[in-house]
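**Student:** Numbering (the numbering used here), first residue to last: 66 to 205. Every residue, glycine too, gets a C-beta built ideally from N, C-alpha and C. Please read through the structure below; I'll follow up with questions.
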């Protein structure tokens with residue numbers, strides 16, 4: 066995979082037209098973002114299957130969370146919504162997280178700690194456009 070990415074990057078550098086190189090690089094970033102989202106979804110599904118839900122929720126300490134996850138948790142508390150989309154939180158946290166991919170580990174930590182739960186979106190086949198941003202349910 067890494068070798069294929071390096072080869073694609075080298076191919077991008079051989080494109081002489083700046084506009085065409087920019088378009089090709091943008092397409093590559095969109096494809097990588099989609100791949101990251103798919104890998105994250107698979108990882109979360111696997112983690113949820115392996116997780117044994119206890120009758121009583123574990124005691125959680127916000128202090129045990131890394132700074133990024135704690136900042137994200139504070140943002141969610143300020144919003145006060147029962148559900149949120151990753152895109153909406155990213156817009157509020159854009160100063161801290163430069164990309165959505167940089168925010169995903171903090172979301173994963175909050176999900177693993179039980180603060181949030183990923184909700185699978187209901188998709189209708191044949192809908193035009195891109196997939197909707199993943200949705201999460203607040204559990205605190």
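Specify whether the stretch 170-182 and the stretch 131-146 touch according to this definition: at least 3 beta carbon pairs, one from each stretch, less than 8 angstroms apart.
**Tutor:** Counting Cβ pairs under 8 angstroms, three or more are found: they touch.
**Student:** Have a look at the DSSP bridge pairing and note the partners of residue 208.
**Tutor:** Past the boundaries of the shown model lies residue 208; the chain is included only from 66 to 205, so the question cannot be answered.
**Student:** To the nearest angstrom, how far is the alpha carbon of residue 157 from that of residue 197?
**Tutor:** Locating residue 157 in the chain shown gives position 92, counting from the first residue. Locating residue 197 in the chain shown gives position 132, counting from the first residue. About 18 angstroms.
**Student:** Note down the Cα distance separating residue 185 from residue 81, rounded to an integer number of angstroms.
**Tutor:** One-based indexing of the chain shown puts residue 185 at position 120. One-based indexing of the chain shown puts residue 81 at position 16. Cα to Cα, residue 185 sits roughly 43 angstroms from residue 81.
**Student:** Span of the beta strand (DSSP E) holding residue 148?
**Tutor:** By one-based count along the chain shown, residue 148 stands at place 83. Segment 148-150, the beta strand (DSSP E) holding residue 148.
**Student:** Assign residue 78 to buried or exposed, taking buried as 16 or more other Cβ atoms, counted over all protein chains shown, within 10 Å of its Cβ.
**Tutor:** In the chain shown, residue 78 corresponds to position 13, counting from 1. Under this definition residue 78 is an exposed residue.
**Student:** Roughly how many angstroms lie between the CA atoms of residue 119 and residue 155, to the nearest whole one?
**Tutor:** As a working note, residue 119 is residue 54 in the chain shown. As a working note, residue 155 is residue 90 in the chain shown. Per-residue confidence for residue 119 stands at a pLDDT of 42, beneath the threshold of 50, marking its modelled position as unreliable; no derived number is given.
**Student:** Along the chain, where does the alpha helix (DSSP H) that runs through residue 159 open and close?
**Tutor:** In the chain shown, the residue the question calls residue 159 occupies position 94. Premise fails: residue 159 is in no alpha helix (DSSP H) and is neither H nor E.
**Student:** Could you give the C-beta distance for residue 93 and residue 110, rounded to a whole number, given that I count them as a contact under 8 angstroms?
**Tutor:** For the purposes of this step, residue 93 is taken as the residue at position 28 of the chain shown. For the purposes of this step, residue 110 is taken as the residue at position 45 of the chain shown. Wrong, their Cβ atoms sit about 26 angstroms apart, outside the cutoff.
**Student:** I think residue 150 touches residue 200, with their Cβ atoms under 8 angstroms apart; what is that distance to the nearest whole Å?
**Tutor:** Residue numbering aside, residue 150 sits at position 85 when the chain shown is read from its first letter. Residue numbering aside, residue 200 sits at position 135 when the chain shown is read from its first letter. Right, their Cβ atoms sit about 5 angstroms apart.
**Student:** From residue 85 to residue 182, what does the alpha carbon distance come to, in whole angstroms?
**Tutor:** Numbered from 1 along the chain shown, position 20 holds the residue referred to as residue 85. Numbered from 1 along the chain shown, position 117 holds the residue referred to as residue 182. Each residue's alpha carbon lies about 41 angstroms from the other.
**Student:** Ignore the nearest five residues each way along the sequence and tell me which others in residue 101's own chain have a CB closer than 6 angstroms to its CB.
**Tutor:** Position 36 of the chain shown, counted from the start, is the residue given in the question as residue 101. Here the set comprises 166.
**Student:** Between the Cα of residue 202 and those of 83, 147 and 112, spot the shortest distance and give me the residue it belongs to.
**Tutor:** Taking the chain shown and counting its residues from 1, the one referred to as residue 202 is at position 137. The shortest Cα separation from residue 202 among 83, 147 and 112 belongs to 147.
**Student:** Using 10 angstroms around the beta-carbon of residue 194, count the other beta-carbons present and answer buried if the total reaches 16, otherwise exposed.
**Tutor:** Indexing the chain shown from 1 puts residue 194 at position 129. Flag for residue 194 reads exposed.
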